[in-house]
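S.K.:
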Amino acid sequence: MGDVQGFIKYKKYDFNKESVESRIKHWNEFTIPLPEDELKAQGWIEANPPSFRTGKKIAIVGSGPAGLACADELNKKSHSVTVYEKNEVIGGLLTLGIPNFKLDKNIVQRRVNLMKAEGVEFKTNTEIGKDILLSELLEKYDAIVLSGGAEQPRDLSVEGRNLNGIYFAMEYLTQQNRANMGQTFNGSRISAKDKNVIVIGGGDTGSDCIGTANRQGAKSVTNLELLSKPPIERSNENPWPQWALVERTSTSHEEGCEKIFGVMTKKFTGENGDVKKLHGIELKFGDKDPITGMRPMNQVLGSEFELDADLVLLAMGFTGPVKNKLIGELDIDLDERSNIKTDENRMTNIPGIFAAGDMRRGQSLVVWAINEGREAAKHVDKYITV
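This is the structure:
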């Protein structure tokens, strides 16, 4: 704040070439987290519960970043907030999805403990739509916010998909996070140790799988990406503020993996029911269609290849919320992308039921989920205080 010279430097940078983080760090190169005693001294991690309660009650379904942000904001408005989580721990993907090497779970737990001290109630091992019907919550609370995330993974419909050793990324990552918490799995442990691992999908989830596989002692890790290799720098056709279509190399990639771009999986083959080979083919993308903006994808004849595969992790994104009784019981409307549909006030077609985060927006970043939760809280507060 108030750094005029820094702002001038910031404005001079070529937005087509650099990420937001790198531009900011040109004039503040080191990001140094404040120690916990300093955070306490500044009041950032000291409980400050409301001095009174409005008498209004809100249920938050899902304790990921959107749900936690929404609960925190509504609690600060002096409403009584209860967060329902189907899993045994609070935090959603922050706790069970993101690996420890990217996010220290003590940071998440510190925030949860702070919210508890400020009066937010948490109920774990409680799946709405199964253990408690959504209609029952609607009778008990003045408003409900659905923030259960976009958990339906995109699958790969090819021959051999049902072989042992092929898993969705989140099956793998959540199990490792639970193992880090001390849980055991009675022989059903998904391990990359001494295995040829193939990760299909080049996004953040794929990167998390790569880092986890390396830490488990994988024999080899190969990352397959459907799209062609992006440029190192932005092209003139991809100006800021569009999402930068540039090659991204995470620390997980740097720790060790082979990246193969522009390929498609054709089938899997195996022995005795276990996957042993991935069969793929190279792709060539044509010119962009002037109307749709899409580039046709063509298989390159004669480019077929095989890769050894003892463990295959599918990290190809998510298609929206899981279609279960939570959504189906009251016939909550979905949009054209299979996410929960809301109006401009974040309310669904059912009065009093709101939605936030990836469940409403579609798969995205944690920062967007936090923003979604805060925005939903504003509209819920307005709705229940009219």
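Here the UniProt record's numbering is used: the first residue of the sequence shown is 1, the next is one more, and so on. Backbone N, C-alpha and C define an ideal beta-carbon position, used for all residues, glycine too.
1) Tell me the rounded alpha-carbon separation between G62 and Y167.
2) Roughly how many angstroms lie between the CA atoms of T269 and G320, to the nearest whole one?
3) Could you tell me the distance, in whole angstroms, from the CA atom of D333 to the CA atom of S135?
4) Taking the C-alpha atoms as reference points, what is the distance between L224 and L93?
5) Where does the unbroken beta strand (DSSP E) through A143 begin, and where does it stop?
6) Identify the continuous beta strand (DSSP E) that holds D308 and give its terminal residues.
7) In three-state DSSP terms, what is M347?
8) Considering only residues of the same chain and omitting the five flanking positions on each side of G201, which have a CB-CB separation below 6 Å?
9) In terms of residues, what are the limits of the beta strand (DSSP E) holding I45?
10) Compare the Cα-Cα distances from A369 to each of N48, A69 and I58 and report the closest residue.
11) First and last residue of the beta strand (DSSP E) that includes I332?
12) Take E121 and list the residues in its own chain whose beta-carbon comes closer than 6 Å to its own, dropping the five residues that flank it on each side.
13) Any idea what DSSP makes of N28, helix, strand or coil?
14) Report yes or no: do the stretch 305-314 and the stretch 283-293 share at least 3 C-beta pairs separated by less than 8 Å?
15) Just to confirm the assignment, what range does the alpha helix (DSSP H) spanning V367 have?
16) Can you grab the Cα-Cα spacing for the pair N162 / G357, in whole Å?
17) I'd like the list of long-range same chain contacts for K116, defined as Cβ closer than 6 Å, with 5 residues on each side in sequence excluded.
18) What's the C-alpha gap between K193 and Q175?
19) Can we say the stretch 47-65 touches the stretch 137-149, given the rule of at least three CB pairs closer than 8 Å?
20) Please specify which runs of the alpha helix (DSSP H), each continuous and at least 4 residues long, are wholly inside the stretch 125-199, giving them in chain order.
21) Here's a check: name, in chain order, each residue in its chain whose Cβ is nearer than 7 Å to the Cβ of G129, leaving out the five neighbours to either side.
22) First and last residue of the beta strand (DSSP E) that includes M316?
23) So, is W27 buried or exposed, given that buried needs 16 or more other C-beta atoms within 10 angstroms?
24) Who are the near neighbours of R215 in its chain, counting only those whose CB is closer than 6 Å to its CB and skipping five residues on each side?
25) Helix, strand or coil for residue 390 per DSSP?
26) Which class does N100 belong to by DSSP, given the choice of helix, strand or coil?
27) In this structure, how does DSSP classify I232 when only helix, strand and coil are distinguished?
28) Helix, strand or coil for N75? Go by DSSP, reduced to three states.
29) Determine the DSSP secondary structure at R23, reduced to helix, strand or coil.
M.R.: Answer, in terms of the structure:
1) Residue numbering aside, residue 62 sits at position 62 when the sequence shown is read from its first letter. Residue numbering aside, residue 167 sits at position 167 when the sequence shown is read from its first letter. Rounded to the nearest angstrom, the two C-alpha atoms are 24 Å apart.
2) Start at 1 with the first residue of the sequence shown, and residue 269 comes out as number 269. Start at 1 with the first residue of the sequence shown, and residue 320 comes out as number 320. Approximately 30 Å, taken between the alpha carbons.
3) Counted from its first residue, the sequence shown places residue 333 at position 333. Counted from its first residue, the sequence shown places residue 135 at position 135. Using only the alpha carbons, I get a separation of about 15 Å.
4) Within the sequence shown, numbered from 1, the residue matching residue 224 stands at position 224. Within the sequence shown, numbered from 1, the residue matching residue 93 stands at position 93. One C-alpha to the other measures close to 23 Å.
5) As a working mapping, residue 143 is identified with position 143 in the sequence shown. That run of the beta strand (DSSP E) goes A143 to L146.
6) Within the sequence shown, residue 308 is the residue found at index 308, counting from 1. Note, D308: beta strand (DSSP E), F305 to D308.
7) Residue numbering aside, residue 347 sits at position 347 when the sequence shown is read from its first letter. Reduced to three states, the DSSP call for M347 is strand.
8) By 1-based counting over the sequence shown, the position of residue 201 is 201. Contacts found: A315 and M316.
9) If you number the sequence shown from 1, residue 45 lands on position 45. Neither: I45 is in no beta strand (DSSP E) and is coded neither H nor E.
10) Translated into the one-based positions of the sequence shown, residue 369 becomes position 369. Nearest of N48, A69 and I58 to A369, Cα basis: A69.
11) By one-based count along the sequence shown, residue 332 stands at place 332. Per DSSP, I332 belongs to no beta strand (DSSP E) and is neither H nor E.
12) Stepping through the sequence shown from its first residue, residue 121 is reached at position 121. Closer than 6 Å at the Cβ level, and outside the excluded window around E121, lie T82.
13) For the purposes of this step, residue 28 is taken as residue 28 along the sequence shown, with counting starting at 1. Residue placement at N28 cannot be trusted, given a pLDDT of 46 that sits under 50; the coordinates are not used to answer.
14) Contact between the stretch 305-314 and the stretch 283-293 is absent: fewer than 3 CB-CB pairs across the two stretches fall below 8 Å.
15) Taking the sequence shown and counting its residues from 1, one reaches residue 367 at position 367. Counting along the chain, the alpha helix (DSSP H) containing V367 begins and ends at V366 to I384.
16) Numbered from its first residue, the sequence shown carries residue 162 at position 162. Numbered from its first residue, the sequence shown carries residue 357 at position 357. Distance between the alpha carbons of N162 and G357 is about 32 Å.
17) Counted from its first residue, the sequence shown places residue 116 at position 116. The answer is none, since no qualifying residue turns up.
18) Along the sequence shown, one-based indexing puts residue 193 at 193. Along the sequence shown, one-based indexing puts residue 175 at 175. K193 and Q175: Cα-Cα distance of roughly 15 Å.
19) yes
20) 134-140 and 169-180
21) Counting from one through the sequence shown, the residue named residue 129 turns up at place 129. Contacts found: N324, K325, L326 and E329.
22) As a first step, residue 316 must be located in the sequence shown, where it is residue number 316. No beta strand (DSSP E) contains M316, which DSSP labels as neither H nor E.
23) For this step, residue 27 is matched to residue 27 along the sequence shown. Here W27 scores only 43 on pLDDT, less than 50, and its place in the model is too uncertain to base an answer on.
24) Along the sequence shown, one-based indexing puts residue 215 at 215. Closer than 6 Å at Cβ, skipping near neighbours: no residue.
25) Outside the shown range of the chain (1 to 386) lies residue 390, about which nothing can therefore be said.
26) Here residue 100 is taken as the residue at index 100 of the sequence shown, counted from 1. The answer is coil: DSSP assigns N100 none of H, G, I, E or B.
27) Looking up residue 232 in the sequence shown gives position 232. Note: I232 maps to coil in three-state DSSP.
28) Within the sequence shown, residue 75 is the residue found at index 75, counting from 1. In the structure shown, N75 sits in a helix (DSSP, three-state: H, G or I).
29) Start at 1 with the first residue of the sequence shown, and residue 23 comes out as number 23. Residue placement at R23 cannot be trusted, given a pLDDT of 44 that sits under 50; what the coordinates show is reported in the next sentence. R23: helix per DSSP, three-state reduction.
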